[in-house]
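K.L.:
Which chain is which? The protein sequence lines are A and B, in order.
Counting with my numbering, you get residues 1047 to 1421 for the letters of the first sequence.
Counting with my numbering, you get residues 4 to 155 for the letters of the second sequence.
Ideal placement from N, C-alpha and C gives every residue a C-beta, glycine not left out.
Source: prediction; values computed, not measured.
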Amino acid sequence: MAEERRPNSDPIDLGQLRTTLEEQGAPWQSGFNSITALTEQQRVTLLGVPVEPGISAEQIDADTETAAALAASADARAVGAPTAFDLRNINGLNYSTPVRNQGNCGSCVAFGVIGTLEGIIRYTKGAPNYAIDLSEAHLFYCHGRAAGARCNTGWWPDQALNASRDQGVTFEDYYPYTAGDQDCTGLNADWANRLALVTQWRLLSSDPAAMKEYISTFGSITACMYVFQDFFAYRSGVYKHVSGDLAGGHCITLIGYDDAQQCWIGKNSWGTGWGEGGYFKIAYGQCKIETYQTCGVQGVRLKAWLPNQQILGLWTNEHDANVWAYGSQRGWLKLDGASVPTNAAMLAELAAAKAGNKPVGLFEDNGSIQQIYAW
Amino acid sequence: MSNPQYVAQPSRQGPTMALSRPELMGPGIGEIQGMSAPTIAPDIVASMTAQVAVEMAPGLLPAGVDPTLEAQAIAALTGTWRQNVQVTALWSINEPRNAWIYVANIGWKKLFNGRDGAFNALVTLASQARQTGRPISFREENDGMVYEVYLW
Chain A
1047 MAEERRPNSD PIDLGQLRTT LEEQGAPWQS GFNSITALTE QQRVTLLGVP
1097 VEPGISAEQI DADTETAAAL AASADARAVG APTAFDLRNI NGLNYSTPVR
1147 NQGNCGSCVA FGVIGTLEGI IRYTKGAPNY AIDLSEAHLF YCHGRAAGAR
1197 CNTGWWPDQA LNASRDQGVT FEDYYPYTAG DQDCTGLNAD WANRLALVTQ
1247 WRLLSSDPAA MKEYISTFGS ITACMYVFQD FFAYRSGVYK HVSGDLAGGH
1297 CITLIGYDDA QQCWIGKNSW GTGWGEGGYF KIAYGQCKIE TYQTCGVQGV
1347 RLKAWLPNQQ ILGLWTNEHD ANVWAYGSQR GWLKLDGASV PTNAAMLAEL
1397 AAAKAGNKPV GLFEDNGSIQ QIYAW
Chain B
4 MSNPQYVAQP SRQGPTMALS RPELMGPGIG EIQGMSAPTI APDIVASMTA
54 QVAVEMAPGL LPAGVDPTLE AQAIAALTGT WRQNVQVTAL WSINEPRNAW
104 IYVANIGWKK LFNGRDGAFN ALVTLASQAR QTGRPISFRE ENDGMVYEVY
154 LW
């Protein structure tokens, strides 16, 4: 774990930044926002990924051109991916969950990872309205704390994903997030029955083609980036470092890319008052975003009650105990297929609920309905 | 498994009476009926025990969810499909797994009869379609039977 971090320099001058951007053709727009309103100490606290010892801003910038060329040449079409993808607009539907605010704690890894998991859940299940909200507090203050992570040290996405795979992350209502170190006592004792588990994940660092493939296939990935002081003042456009010192390492969720604009589309955890409603675009190759640490998740298994689902469709075919129900907020789910009579009983209850246009409660585990309440 | 979302919990106790059967015989009946072993044709046994190679999942979506994905799913369909049709009548007879549905403007169609579980599920969906007037989309194979049903 990294040592406690300190601000590297004085706050950036916003007026000077604006002038510098204009001199460089205004590649992006800066402005006063909820993050520039903080002190430099508070801003640096947000950056919760350990920085490579001894690395300098010059070294990071020196790699930019090569990395940008590599990302640009990573033809998305070669891996079956589109040339542009934005999780917020897939055939007019927004699969991204709301932007969160990590507050005064270096817990960005928990937000970057959970933003990824939530996006994957909605996108892979074809359920843009699914009310999924996972607990960053569980991930950071329980799993992270056990690994030594604190607000002033930060964590790594690979470790967070291992914990999400091996132990799982409960839902926000079972451990609501508040900023500040905690000892996990806020976790609901029933958390094991309200859980999201990563099925598989892998490192994508230095492989921009795979990054594009994972984003367009699963909806989002987790990435780390070095943050320079000018990034705090980002408002819109395609960000690239123009001024300011290195402030630290940060974790975010990548929800898209655009080969025409040569940029990644990121979801930050600094609230909607920063950037483009909490989102940003960053040019290929900038801030070591492809190489620092990038992780792709191949699926998320849910175990939870789904209250108040309207059954919009039922499906079956020639195979025994192969019946599926379409829940209004969740999409297709298979009825438990362990036995034909159990399957038939569940189908009868759901068919009756559908006929009466009555909501049902479903207990889902790994895409399968295990229990039903029909009120 | 606890569930904080729901207060009402159904009783875990079922009916306590032992299974009963009628004790009186009808007039003129000298022996207990209904004790003979069932007879099942070999082809039915074979179909009941046959291993399912690939268990499919639904691909279509309810109307209005995502028109683009819906169009892609329809394009990927194989077999003969009828989309959004009405079941207006049902027929069954005292023969193993023999039930038919009448589809408006198409006619009588026999439901797949290869396995008990699949047959019962298809009958359930078709019956509810007729009862509620909701449309179905179904797949018919070369033997003329209905193998797959979406009930919307």
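DSSP three-state label for W1202/A, please.
P.N.:
Correct three-state label for W1202/A: coil.
K.L.:
When burial is assigned at 16 or more other CB atoms within 10 Å of the CB, is F1131/A buried or exposed?
P.N.:
Result: buried.
K.L.:
Check whether the segment 88-101 of chain B and the segment 116-125 of chain B touch, using three or more Cβ-Cβ pairs below 8 angstroms as the test.
P.N.:
Taking 8 angstroms as the limit for Cβ pairs, the verdict is that the segment 116-125 of chain B does touch the segment 88-101 of chain B.
K.L.:
Using a Cβ cut-off of 8 angstroms (strictly closer), state whether I47/B contacts chain A.
P.N.:
Confidence at I47/B is low in this model, with a pLDDT of 43, below 50, so the placement of that residue is unreliable and no value is reported for it.
K.L.:
Taking the alpha-carbon positions, what's the K1404/A to Q1375/A distance?
P.N.:
Going from the Cα of K1404/A to the Cα of Q1375/A covers about 14 angstroms.
K.L.:
Do you know offhand how far T1388/A's Cα is from S1251/A's?
P.N.:
In a straight line, the C-alpha of T1388/A is about 46 angstroms away from that of S1251/A.
K.L.:
From G147/B, W155/B, L154/B, pick the residue whose C-alpha is nearest to that of T83/B; which is it?
P.N.:
Among G147/B, W155/B, L154/B, the Cα nearest to that of T83/B belongs to G147/B.
K.L.:
Quick check: is the beta carbon of D1366/A nearer than 8 angstroms to any beta carbon in chain B?
P.N.:
Interface residue, yes.
K.L.:
Which residues bound the alpha helix (DSSP H) around M1257/A?
P.N.:
Taken as a continuous stretch (DSSP letters only), the alpha helix (DSSP H) holding M1257/A covers 1254-1264.
K.L.:
Would you give the residue range spanned by the alpha helix (DSSP H) that P1387/A belongs to?
P.N.:
It spans 1386-1401 - the alpha helix (DSSP H) in which P1387/A sits, taken as one unbroken run.
K.L.:
Is L27/B helix, strand or coil when you go by DSSP?
P.N.:
Any reading at L27/B needs caution, since the residue's pLDDT is 34, under 50, leaving its predicted position unreliable; the model's value is listed next. In the structure shown, L27/B sits in coil (DSSP, three-state: anything other than H, G, I, E or B).
K.L.:
Give me the Cβ distance between W1074/A and S1282/A, rounded to the nearest whole Å; I'm assuming they're in contact under 8 angstroms.
P.N.:
Indeed, because the Cβ distance is near 7 angstroms, the residues count as touching under 8 angstroms.
K.L.:
Considering Cα atoms alone, identify which of D1109/A, C1151/A, T1143/A is closest to V1090/A.
P.N.:
Checked all of D1109/A, C1151/A, T1143/A; the closest Cα to V1090/A is C1151/A.
K.L.:
Please confirm whether N1234/A and Y1223/A have their CB atoms less than 8 angstroms apart.
P.N.:
No, the pair does not count as a contact, with Cβ atoms beyond the cut-off.
K.L.:
Residue range of the alpha helix (DSSP H) that S1076/A falls in?
P.N.:
No alpha helix (DSSP H) holds S1076/A; the beta strand (DSSP E) holding it covers 1074-1076.
K.L.:
Would G1402/A be called buried (16 or more neighbouring beta carbons within 10 Å of its own) or exposed?
P.N.:
Answer is exposed; the Cβ neighbour count stays below 16.
K.L.:
If you count every other CB in all the chains shown that lies within 10 Å of the CB of T1245/A, and 16 or more means buried, which is it?
P.N.:
Exposed: under 16 other Cβ atoms inside 10 Å.
K.L.:
Considering C1341/A, what are the terminal residues of the beta strand (DSSP E) in which it resides?
P.N.:
Looking at the DSSP string, the run of the beta strand (DSSP E) that includes C1341/A is 1340-1355.
K.L.:
May I ask you to list, following chain order, the residues of the segment 1089-1102 of chain A that have a beta carbon less than 9 angstroms from some beta carbon of chain B?
P.N.:
Answer in chain order: no residues at all.
K.L.:
Can a CB atom of chain A be found closer than 8 angstroms to the CB of Q131/B?
P.N.:
So, interface residue.
K.L.:
Taking the alpha-carbon positions, what's the A60/B to W1370/A distance?
P.N.:
Between A60/B and W1370/A, the C-alpha separation is close to 8 angstroms.
K.L.:
Sort F1157/A, S1262/A, H1189/A by Cα distance to L1180/A and report the nearest one.
P.N.:
Of F1157/A, S1262/A, H1189/A, the residue nearest in Cα terms is F1157/A.
K.L.:
Quick check on C1188/A: does DSSP put it in helix, strand or coil?
P.N.:
C1188/A: helix per DSSP, three-state reduction.
K.L.:
Got a sec: is the Cβ-Cβ distance from E143/B to anything in chain A below 8 angstroms?
P.N.:
It does not; no Cβ of chain A falls within 8 angstroms.
K.L.:
With DSSP as the reference, label K1380/A as helix, strand or coil.
P.N.:
The answer is strand: DSSP assigns K1380/A an E or B state.
K.L.:
When we look at the beta-carbon of W1201/A and count the other beta-carbons within 10 Å, is it buried (16 or more) or exposed?
P.N.:
When all chains shown are included, W1201/A counts as buried.
K.L.:
Is it buried or exposed, A1013/A, if we count other Cβ atoms within 10 angstroms and call 16 or more buried?
P.N.:
The question about residue 1013/A has no answer here: the residues shown for chain A are numbered 1047 through 1421.
K.L.:
Using the C-alpha atoms, what's the distance from R1168/A back to F1277/A?
P.N.:
Each residue's Cα considered, the two are about 29 angstroms apart.
K.L.:
Can you pull out the residues from the segment 1334-1365 of chain A whose beta carbon lies closer than 8 angstroms to at least one beta carbon of chain B?
P.N.:
Taking 8 angstroms as the Cβ-Cβ cut-off against chain B, the residues of the segment 1334-1365 of chain A that qualify are W1351, P1353, L1358, G1359, L1360, W1361, T1362, N1363, E1364, H1365.
K.L.:
Would you say D146/B reaches chain A, if we count a Cβ-Cβ gap shorter than 8 angstroms as a contact?
P.N.:
So no, D146/B is outside the interface.
K.L.:
Hey, which unbroken runs of the beta strand (DSSP E) at 3 residues or more fall wholly within the segment 104-132 of chain B?
P.N.:
With a minimum length of 3 residues, the continuous beta strand (DSSP E) runs that stay inside the segment 104-132 of chain B are 110-114.
K.L.:
If Y1330/A sits next to A1118/A, beta carbons under 8 angstroms apart, how far is it from one beta carbon to the other, in whole angstroms?
P.N.:
That pair is a contact at about 5 angstroms.
K.L.:
Report back the beta-carbon spacing between K1313/A and V1284/A to the nearest angstrom; my notes put them in contact at under 8 angstroms.
P.N.:
Going by Cβ atoms, the distance from K1313/A to V1284/A rounds to 16 angstroms, so no, they are not a contact pair.
K.L.:
Closer than 9 angstroms by beta-carbon distance: list the chain A residues that pair up with R118/B, in chain order.
P.N.:
Residues of chain A passing the Cβ test: E1364, H1365, D1366, V1386.
K.L.:
Would you mind stating whether I1267/A and C1197/A have Cβ atoms separated by less than 8 angstroms?
P.N.:
No, the Cβ-Cβ distance between I1267/A and C1197/A is not below 8 angstroms.
K.L.:
So R1134/A and I1301/A are supposed to be a Cβ contact under 8 angstroms. How far apart are they, rounded?
P.N.:
Indeed, because the Cβ distance is near 7 angstroms, the residues count as touching under 8 angstroms.
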